[in-house]
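Inspection log for the structure reproduced underneath, given as structure tokens.
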DNA sequence: CTGCTAGATAGTAATGATTCCTAAAAAAGA
DNA sequence: TCTTTTTTAGGAATCATTACTATCTAGCAG
Ligand SMILES: [Mn+2]
Ligand SMILES: [Mn+2]
Ligand SMILES: [Zn+2]
Ligand SMILES: [Zn+2]
């Protein structure tokens, strides 16, 4: 999945964000991968083109992009945070062993009805289905 | 929800775990609450009866109980870990603002069919539905 | 009941991801 | 080009969790 610089600049502008090379590179990397990388993964990736970038910039940028709703964070236990540049509604499948995250696009999962019998006053906004299992690689390694 | 010491001792024995006052107190606290406490919450709670207990013991014990499948960890973003002593299959509802976690017992949620069209070889073992929203208290505070 | 031993506890030090602080640099509009 | 507001980079700080290790104790064997 490829994204043009113009598109990126436009999205940043729409959110009132300045376009910098570092920010653009981080966002582009995140939109163009399906691997749900960590901040450090992104730091290493972007470092190839911008050797002087700091980890701090990566963290700061991820925070900014998240607030602007251009990316989202994926919860996988309490290990380091994982990020997702794919905003279309979808769910995830996570390997117990290697923590790899795979997108689950099944449309049926977007039609789950909200539960009833909850504490009064609680208002649900959205939900996430998190499947767990073992990826092919980890399964063959065990055998 | 109350649990007797005999029941606790039996469960520990079944898993080959020694029964110590600290371990018993931590497990009892976790089974008898629905608040999904953090390690520190439990440390503070158990400290009332065992003032000399160390945080380390709480962390170690939670690890042991988790490996023995007597408790489970609940994922809520990447804040500190939250624990659950309720092993019956259920899901959760989390407040965006105060991070409180409420149990969702809706049986329909336990009958979701596994998605198809996944990477070959991936084997799903289980899943979790995580609802997000705003609790009553946080909603009235905003208004 | 007594002693033995694996496992548990407590205290302290270390780790590591993330956040905080700040001066210098750069984007974007005037 | 000038000005203002962000953004960046680097270093220090934070804080939950782990690691290390010297006692201590539960549970069992004798
Ligand atoms: Mn995804
Ligand atoms: Mn629960
Ligand atoms: Zn795997
Ligand atoms: Zn709340």
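Protein chains in written order, with our numbering: chain A, 9 to 151; chain B, 9 to 151. Beta carbons are placed, not taken as given, at the ideal position from N, Cα and C, and that holds for glycine.
C-beta neighbour in chain A for residue i, strict 8 Å
i, result
"residue 119 of chain B", "no"
"residue 144 of chain B", "yes"
"residue 49 of chain B", "no"
"residue 79 of chain B", "no"
"residue 41 of chain B", "no"
"residue 105 of chain B", "no"
"residue 134 of chain B", "yes"
"residue 20 of chain B", "no"
"residue 101 of chain B", "yes"
"residue 147 of chain B", "yes"
CB contact check: residue i to chain B, cutoff 8 Å
i, result
"residue 112 of chain A", "yes"
"residue 44 of chain A", "no"
"residue 89 of chain A", "yes"
"residue 5 of chain A", "One cannot answer for residue 5 of chain A here, as it falls past the ends of chain A, which runs 9 to 151."
"residue 64 of chain A", "no"
"residue 73 of chain A", "no"
"residue 127 of chain A", "yes"
"residue 85 of chain A", "yes"
"residue 141 of chain A", "yes"
"residue 123 of chain A", "yes"
"residue 138 of chain A", "yes"
"residue 14 of chain A", "no"
Cutoff 6 Å; reference residue i; Cβ partners in own chain excluding five residues on either side
i, result
"residue 23 of chain B", "76"
"residue 32 of chain B", "16"
"residue 79 of chain B", "38, 73, 91 and 93"
"residue 150 of chain B", "none"
"residue 108 of chain A", "143"
Nearest-angstrom Cβ-Cβ length linking residue i and residue j, presumed shorter than 8 Å
i, j, result
"residue 106 of chain A", "residue 141 of chain A", "Actually they are not in contact, since the Cβ atoms of residue 106 of chain A and residue 141 of chain A sit about 11 Å apart, beyond 8 Å."
"residue 18 of chain B", "residue 65 of chain B", "Their Cβ separation, rounded to whole angstroms, is 22 Å, which puts residue 18 of chain B and residue 65 of chain B out of contact at 8 Å."
"residue 144 of chain A", "residue 127 of chain B", "7 Å"
Residues of its chain near residue i, where Cβ-Cβ distance is below 8 Å and the 5 sequence neighbours each way are ignored
i, result
"residue 40 of chain A", "9, 10, 11 and 93"
"residue 47 of chain A", "63, 66, 67, 70, 88, 89 and 91"
"residue 45 of chain A", "37, 38, 53, 90 and 91"
"residue 95 of chain A", "77, 78, 79 and 80"
"residue 27 of chain B", "16, 17, 20 and 21"
"residue 120 of chain A", "135 and 137"
"residue 156 of chain B", "Since the first residue of chain B shown is 9 and the last is 151, residue 156 of chain B is not available in this structure."
C-beta atoms of residue i and residue j nearer than 8 Å
i, j, result
"residue 132 of chain A", "residue 101 of chain B", "yes"
"residue 111 of chain B", "residue 42 of chain B", "yes"
"residue 3 of chain A", "residue 135 of chain B", "In the structure displayed, chain A extends from 9 to 151; residue 3 of chain A sits before or after that span and is not available."
"residue 50 of chain A", "residue 34 of chain A", "yes"
"residue 129 of chain A", "residue 147 of chain B", "yes"
"residue 137 of chain B", "residue 137 of chain A", "yes"
Distance cut-off 7 Å: residue i Cβ against heavy atoms of ligand 5
i, result
"residue 19 of chain A", "With respect to ligand 5, the structure shown offers nothing to examine, as its ligands consist of ligand 1, ligand 2, ligand 3 and ligand 4."
Cut-off 7 Å between Cβ atoms - residues of its own chain near residue i, not counting five sequence neighbours on either side
i, result
"residue 98 of chain B", "111, 112 and 113"
Any contact of the region 77 to 92 of chain A with the region 78 to 98 of chain B, i.e. 3+ C-beta pairs under 8 Å? yes
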